[in-house]
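Participant: Take this structure first; my questions come after.
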Amino acid sequence: MAEAPTETLSGKQAVLEKLPDHPALKAILAWNADALTDALFDRGELTLTVAPESICEAAATVLAAGYNAFEDMTAVDWLPSEPRFQVSYHILSHQYKERIRLRAWVDGADPSIESITSVWPGANYYEREVFDLFGIRFDGHPNLRRILMPEDWVGHPLRKDYPVEGYR
Amino acid sequence: MTIDVGTPILQAPPAEGARDQHMVLNMGPQHPSTHGVLRLVLEIDGEIIVRLYPEIGYLHTGIEKTCEAKFYQQVVPLTDRVDYLGPMANNLCYCLAVEKLLGLEIPERAQWIRVLLTELTRLNSHLIWLGTHAMDIGALTVFLYTFREREEILRIFEAVSGQRMMTSYFRIGGLSMEPPLDLFDRIQTFIKTFPEKIDEYSNLLTGNPIFRNRLMGVGYLSPQDAIALAVTGPTMRASGVDFDLRRDMPYSSYEKFQFKVPVSDRCDCWGRYEVRLEEMRQSVGIIQQALDGMPGGSIKADAPKVVLPDREKMKTQMEALIHHFKIVTEGFNVPAGEVYQGIESGHGQMGYYVISDGTAKPYRVHMRYPGFASLQALETMCKGRMLADVVAVIGSIDIVLGEIDR
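Quick look at the structure:
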């Protein structure tokens, strides 16, 4: 994106006005404008917040729009606010040489979100890592089990209510 | 729209053979060819791999959790320890991410020195890969040769930072100190002879019939699979995907350097060998350009509240002393927000996702390391091949378990 704005654009309206031709944004709007709950353009990075139940379709939409390479995903625990977990996906476009961030909010009670492994099989380990360290379940994941911590570990270490030095 | 992957991957670990004549074999975690503590559970039919399941986490130290309890500048030494073969690349990626959050302008000289040292790090990382990979295949000699050159790189690192491996030389806002006076001459001397050394390795391996037969046609990974499985770096480029963050999304003034991105469409271990060997040659070119055009000026950004003052100023000026004291004891506040910074490390695309809540400690640091994703593709590459090929494939994807387990 050559003509990327330098200022921060906060909110769906502001981003839509300034970046009407953004391929990912256009594709998402064409697919389902209601699923896009928020948008943010900050420090040269575009964040699109989508409803958690439609994350898989949103991923497939941006994939079809040219954002072909899944790069990274992780979660953030915003305890004590609710919804508690933010799940972020970083998706790279080899064609546009640009990265976007998809974001979904997940409730703290029995957190779960759709798995995107059907769109990018490479998300497999990343979702297992988030499941292991945050305790967020991924529906439709082919092999959802702990990956870094031992199988019999109790608790999810990257949650904010888990002490840095562990339980004694 | 979904991506079609040749073989379905990564189901539950095989507990027992699906058929009577199948055997489940455990490989690792203490096995020399797994480059650390990687455990593979293999289901084999005779010598043919039916399923392969990597078991990781043996080196998990919870670095991401530790980062949340440290000041921003205290995280830099932690990053060295993640991918311990490419310390400067880790430092660079983290510093770039925090600098993006802060909106800091880094002086040109600091950026160029960063490029220079990051490329030396790439050489370091590739040398270890070449030595250990060849050793896995049975060519023991190359290991001794590559470690001879690596030793000189480590000495250069020691001269510049005081440490051979855990350098922590880059700081948020620039570099920790001006490099020693003879450093550039020393790197120049090293670079002058290094292309001959690459030829030397090539002479030992490229024509070697055993090495050729062990790598050619082994570990096939199609371009579609490489992208679908989030494989990056030289492994992806050896599958014919022409993408390199240094060229396509430049950072730290890489746009000012001329270099080629080697790509091979062989999609096998041999392609990965060729790509990395050529990458070393290109790195030498980048280092030469950095030495020739090294700009003068400061090595630290003009941000007294973030960058530690010079010792001289700290001892003579009251204000500098106050800043020094505040930064060391209280850290510095970083404006709230989230950034993702990706760079091209020796192994592939590395990324740091840093989230600030406006305080002096990062709210969350997530590290994306290439080995973690490359490991997912191991089954796709090994399935249907011989047991001995697994060793060649592990060597060719160049993983470091420190970066996988974090």
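Protein sequence lines correspond, in order, to chains A and B. Using the numbering used here, read the first sequence as starting at 1456 and increasing by one per residue. Using the numbering used here, read the second sequence as starting at 260 and increasing by one per residue. Cβ atoms here follow ideal geometry from the backbone N, Cα and C, with glycine treated the same way. Predicted model only: the values in this text are computed from it and were never measured.
State buried or exposed for residue 581 of chain B, treating a residue as buried only when at least 16 other CB atoms are found within 10 Å of its CB.
Facilitator: exposed
Participant: Can you give the Cα-Cα distance for residue 1515 of chain A and residue 1574 of chain A, rounded to whole angstroms?
Facilitator: 6 angstroms
Participant: Is the beta carbon of residue 599 of chain B within less than 8 angstroms of some heavy atom of the ligand GTP?
Facilitator: The ligand GTP is absent from the structure shown, which contains no ligands of any kind.
Participant: Residues of the segment 1548–1569 of chain A with a CB closer than 8 angstroms to any CB of chain B: list them in chain order, please.
Facilitator: 1549, 1552, 1553, 1554, 1556
Participant: In chain order, what are the residue ranges of uninterrupted alpha helix (DSSP H) at least 4 long that sit wholly in the segment 302–355 of chain B?
Facilitator: Listed in chain order, the complete alpha helix (DSSP H) runs (minimum 4 residues) inside the segment 302–355 of chain B are 322–326, 335–339.
Participant: Would you say residue 596 of chain B faces chain A, with C-beta separation under 9 angstroms as the test?
Facilitator: yes
Participant: Using the three-state DSSP reduction, which class does residue 543 of chain B fall into: helix, strand or coil?
Facilitator: Three-state result, residue 543 of chain B: helix.
Participant: Are residue 1485 of chain A and residue 1555 of chain A touching if we call contact CB-CB under 9 angstroms?
Facilitator: no
Participant: By Cβ distance, which residues of its chain are closer than 6 angstroms to residue 1507 of chain A, with the 5 residues on each side in sequence left out?
Facilitator: 1559, 1561, 1568
Participant: Counting only runs of 4+ residues fully inside the segment 1472–1525 of chain A, write out the alpha helix (DSSP H) ranges in chain order.
Facilitator: You should have 1478–1487, 1510–1519.
Participant: Decide if residue 1585 of chain A is buried, meaning its Cβ has at least 16 other Cβ atoms within 10 Å, or exposed.
Facilitator: With 16 or more neighbouring CB atoms inside 10 Å of its own CB, residue 1585 of chain A falls in the buried class.
Participant: Hey, how far is the Cα of residue 526 of chain B from the Cα of residue 286 of chain B?
Facilitator: 25 angstroms
Participant: Residue 1538 of chain A versus chain B: which residues are under 8 angstroms apart at the beta carbon?
Facilitator: The contacting residues do not exist; residue 1538 of chain A stays about 16 angstroms from chain B at best.
Participant: Along the segment 1605–1617 of chain A, what residues have a CB closer than 7 angstroms to any CB found in chain B?
Facilitator: 1612, 1613
Participant: Pick from B/628, B/550, B/365, B/586: whose alpha carbon is nearest that of residue 599 of chain B?
Facilitator: B/628
Participant: Going by CA-CA distance only, name the one from B/283, B/294, B/430 that's closest to residue 311 of chain B.
Facilitator: B/283
Participant: Can you give the Cα-Cα distance for residue 1456 of chain A and residue 406 of chain B, rounded to whole angstroms?
Facilitator: Low confidence applies to residue 1456 of chain A: its pLDDT is 44, below 50, so where it sits in the model is not reliable enough to give any reading.
Participant: Looking only at its chain, what residues have a beta carbon closer than 6 angstroms to the beta carbon of residue 520 of chain B, apart from the 5 residues adjacent to it on each side?
Facilitator: 503, 506
Participant: Could you give the distance in angstroms between the alpha-carbon of residue 1534 of chain A and the alpha-carbon of residue 646 of chain B?
Facilitator: Those two C-alpha atoms are separated by around 47 angstroms.
Participant: In three-state terms, what does DSSP make of residue 638 of chain B?
Facilitator: Residue 638 of chain B falls in the helix class under three-state DSSP.
Participant: In chain B, which residues lie less than 9 angstroms from residue 1545 of chain A when you measure between Cβ atoms?
Facilitator: Chain B residues near residue 1545 of chain A: 599, 601, 610, 612, 627.
Participant: Could you tell me which chain A residues have their CB closer than 9 angstroms to the CB of residue 325 of chain B, listed as they occur along the chain?
Facilitator: Within chain A, the residues near residue 325 of chain B are 1619.
Participant: Anyone know if the C-beta pair for residue 576 of chain B and residue 430 of chain B falls short of 9 angstroms?
Facilitator: no
Participant: Report the rounded CA-to-CA distance for residue 261 of chain B versus residue 476 of chain B, giving the unit in angstroms.
Facilitator: Caution is warranted here: a pLDDT of 44 is assigned to residue 261 of chain B, below 50, making its placement in the model unreliable, and no coordinate value can be reported.
Participant: Consider the Cβ of residue 1603 of chain A: report whether some Cβ of chain B lies at a distance smaller than 9 angstroms.
Facilitator: Taking CB atoms only, residue 1603 of chain A has a neighbour in chain B less than 9 angstroms away.
Participant: Step through the CB atoms of chain B and report whether any lies within less than 9 angstroms of the CB of residue 1456 of chain A.
Facilitator: Any reading at residue 1456 of chain A is ruled out, since the residue's pLDDT is 44, under 50, leaving its predicted position unreliable.
Participant: Would DSSP call residue 588 of chain B helix, strand or coil?
Facilitator: helix
Participant: Within this structure, are the beta carbons of residue 1491 of chain A and residue 1467 of chain A separated by less than 9 angstroms?
Facilitator: yes
Participant: With a CB to CB cut of under 6 angstroms and the five nearest residues on each side skipped, what residues in its chain are close to residue 1463 of chain A?
Facilitator: 1497
Participant: For my contact list, residue 339 of chain B and residue 350 of chain B are in at a C-beta cut-off of 8 angstroms; report their separation, rounded to the angstrom.
Facilitator: 7 angstroms
Participant: Taking just the CA atoms, how far does residue 388 of chain B sit from residue 584 of chain B?
Facilitator: 43 angstroms
Participant: Looking at C-alpha atoms only, which residue of B/392, B/381, B/451 is the closest neighbour of residue 667 of chain B?
Facilitator: Because residue 667 of chain B is not part of the residues shown, which for chain B are 260 to 665, the question remains open.
Participant: State yes or no: is the beta carbon of residue 1588 of chain A nearer than 9 angstroms to at least one beta carbon in chain B?
Facilitator: yes
Participant: For chain A, is any of its Cβ atoms less than 9 angstroms away from the one on residue 491 of chain B?
Facilitator: yes
Participant: Output needed for residue 517 of chain B: all residues of its chain with C-beta closer than 7 angstroms, excluding positions within five of it in sequence on either side, in chain order.
Facilitator: Result list for residue 517 of chain B: 548, in chain order.
Participant: Have a look at residue 410 of chain B and residue 441 of chain B and give me their C-alpha separation to the nearest angstrom.
Facilitator: 18 angstroms
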